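Here is the structure we will look at.
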Amino acid sequence: MRRVGYWISEKKRKKLDFDEHRELFRNAGIELIQIDLKKSLENQGPFDLLVHKVTDILARAVSGHKSSQNAIQNLENYIRSHSECVVLDPLPSIRCVLDRYTQYQRVSTCHAMRDNRCMIPAFVQLDSTNIDDNKERLARAGVSFPLVCKPILAHGSSYAHQ
-13 MRRVGYWISE
-3 KKRKKLDFDE
7 HRELFRNAGI
17 ELIQIDLKKS
27 LENQGPFDLL
37 VHKVTDILAR
47 AVSGHKSSQN
57 AIQNLENYIR
67 SHSECVVLDP
77 LPSIRCVLDR
87 YTQYQRVSTC
97 HAMRDNRCMI
107 PAFVQLDSTN
117 IDDNKERLAR
127 AGVSFPLVCK
137 PILAHGSSYA
147 HQ
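Okay, so the sequence shown: first residue is -13 according to my numbering, each after it adds one.
What follows is the structure, given as structure tokens:
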């Protein structure tokens, strides 16, 4: 029987009816195991596949939240020790999309941008409180009003959409 470890918030788990589908998965030869990121995954495994939605935890970890950092470390330790385990989504990919500036940089250099099949608006990261410096940076980047300002850390919380 294949073992699939998963971590999904309680709200998402209920929305996706994970608990109701457990028997369906079992009949297909798949054992679903809800992992506890507060504990070592070594004692909860082995896993053939890890499925997770840890974006919010990763965002808190990046912001210095200790228990979130420990949870991500537990996940990374298991992944590093078990290269045979498939991970959806790889943490480096999630880290890339958490940082809006990195997102813009990657999109602006992708192949589709070369032949004008898609367009990305001008962007700039403002990390100064000096108004004159910020005006200059906006002008250099070709950003003009009206404009949208977002925090650099992108994740599913309501704060990221303010």
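From the three backbone atoms N, C-alpha and C, an ideal C-beta is built for every residue, glycine too.
Quantities reported herein were computed from a predicted structural model and do not represent experimental measurements.
Q | Endpoints, the alpha helix (DSSP H) within which L170 is located | A | For residue 170 there is no data in the structure shown, the boundaries of the chain being -13 and 148.
Q | Minimum C-alpha distance to F54 - residue among E62, I43 and H7 | A | Going by the sequence as given, residue 54 is Ser instead of Phe. Ranking the options by Cα distance to S54, first place goes to I43.
(Q) How far does the beta strand (DSSP E) with L35 in it extend, from its first residue to its last? (A) L35 to H38
**Q.** Enclosing beta strand (DSSP E) for I19 [first to last residue]
**A.** I16 to Q20
Q | Beta-bridge partners of L74, as assigned by DSSP | A | V37
Q | Alpha carbon of D34 to alpha carbon of L27, nearest angstrom | A | 13 Å
(Q) Suppose you measure from the CA of R103 to the CA of T115; what does that come to, to the nearest Å? (A) 36 Å
Q: Drop a sphere of 10 angstroms on the beta-carbon of T41, count the other beta-carbons inside from all chains shown, and report buried for 16 or more, exposed for fewer.
A: buried
(Q) To the nearest angstrom, how far is the alpha carbon of A125 from that of Y90? (A) 18 Å
Q | Where D3 falls: helix, strand or coil (DSSP) | A | coil
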